[in-house]
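Participant: Can you keep this structure in mind? I'll have questions shortly.
Numbering (the working numbering), first residue to last: 851 to 1227.
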């Protein structure tokens, strides 16, 4: 999890794998920045990774990008190669939202998209994000200035989203299988006035019973299908002294790497919600529904950083290290070009994650070549 002792240990381990002549810094949100032979007059080519991960995100979710990033940097610098640009590595904090209910915290901080209100996010134990940041950063700043400035030439985000086969073209493309695709429903339950009895308690009893039934139904779905989800931001209205509440508001979160399964479960859930509404004589409204594809985290980084990157004329590239043993490929995703296949050979995508040493070596070779090209411009 983000800003945890485990994340701290993972970062310390990664830094030990870098060449000794890297200068290590921490920004004001706790991201680690390692620079090689930094020249204040030269532009930078930066690799970006994160080490925290989501439940069910795949066994290579953070480990493979880390290995490829470190391997690529070491390969680039192992011989007497003197890059024209400074090479750097950024380790973003708290990319996954499974602790503070908000993703890309480190990334947002790096591009100036955090504000003071975000610092008051808390985890399930009541620990504030602000307190965790203070332990690990150079000091809080109300303005959160972006780390990405005019001297950054290229930023390469490394992810590990495993491929599928685009069946109609028989070409392996980046189709995320193992990260979570969330759908979030904002629900409101209000009690109906009954002519036979309309005491304050009876007005809230129906919504309470309905809320408990929806909780039971959701957690049953999660357990049976080995998924991730939950309920949060629960509150009751009206919030007036001396007035008994008659409404319950909450957010329902259901996540799955399988969009077809998620759609089926969501339809079943909505059908059951209508049934519960009738059983408990209350009105249940779905106020909003927000759905994201499973590659939300890569997309979100691109989305929140686009303004900064385009303004500063920085070329943004996402490198996907999902190279499978019988469908070798590497893709580059950039703001300008969309998806480009660098190399591949046709084959069938395996049913489960399966990579070997040769896949990792190939990933390192490709990313190292990209690095060499960018720092030589």
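Each residue gets a CB set at the ideal place from its N, CA and C atoms; glycine is no exception.
None of the values given here were measured: they were computed from a predicted structure.
Suppose you measure from the CA of residue 1069 to the CA of residue 1127; what does that come to, to the nearest Å?
Facilitator: The C-alpha of residue 1069 lies about 18 Å from the C-alpha of residue 1127.
Participant: Need the endpoints of the alpha helix (DSSP H) that residue 863 sits in, please.
Facilitator: 855 to 867
Participant: Starting from residue 896, trace the beta strand (DSSP E) both ways and give me its first and last residue.
Facilitator: Secondary structure note for residue 896: its beta strand (DSSP E) is the uninterrupted segment 894 to 900.
Participant: Going by DSSP in three states, residue 876 sits in which element: helix, strand or coil?
Facilitator: Residue 876 sits in a strand when the DSSP states are folded into three classes.
Participant: Look at the Cβ atom of residue 1098, then the Cβ atom of residue 1051, and state whether they are nearer than 8 Å.
Facilitator: no
Participant: Where DSSP assigns a beta bridge to residue 1135, which residues make up the other side?
Facilitator: 1038
Participant: So, is residue 1232 buried or exposed, given that buried needs 16 or more other C-beta atoms within 10 angstroms?
Facilitator: As shown, the chain starts at 851 and ends at 1227. That puts residue 1232 outside it, with no answer to give.
Participant: Just to confirm, is the Cβ distance from residue 1041 to residue 1096 under 8 Å?
Facilitator: yes
Participant: Which residue from 892, 920, 885 puts its Cα closest to that of residue 899?
Facilitator: 920
Participant: Below 8 Å CB to CB, which residues in the same chain sit around residue 964 once its five sequence neighbours on both sides are set aside?
Facilitator: Only residues of its own chain outside the window of five on either side were considered, and among them 879, 955, 958, 994 have a CB closer than 8 Å to the CB of residue 964, listed in chain order.
Participant: Based on the DSSP output, what are the partners of residue 1121 in its beta bridges?
Facilitator: DSSP links residue 1121 through a beta bridge to no other residue.
Participant: For the pair the region 929 to 937 and the region 884 to 900, tell me if three or more CB-CB distances fall below 8 Å.
Facilitator: yes
Participant: Just how far apart, CA to CA, sit residue 860 and residue 890?
Facilitator: Going from the Cα of residue 860 to the Cα of residue 890 covers about 29 Å.
Participant: I need the DSSP call for residue 970, collapsed to helix, strand or coil.
Facilitator: The answer is helix: DSSP assigns residue 970 an H, G or I state.
Participant: Please determine, among 1106, 1131, 1002, the residue with the shortest C-alpha to C-alpha distance to residue 1058.
Facilitator: 1131
Participant: Within the same chain, show all residues whose beta-carbon is closer than 6 Å to that of residue 1140, passing over the 5 residues directly before and after it, in chain order.
Facilitator: 1034
Participant: Specify, as a first and last residue, the run of the beta strand (DSSP E) that residue 1102 falls within.
Facilitator: For residue 1102, the enclosing beta strand (DSSP E) has its first and last residue at 1097 to 1106.
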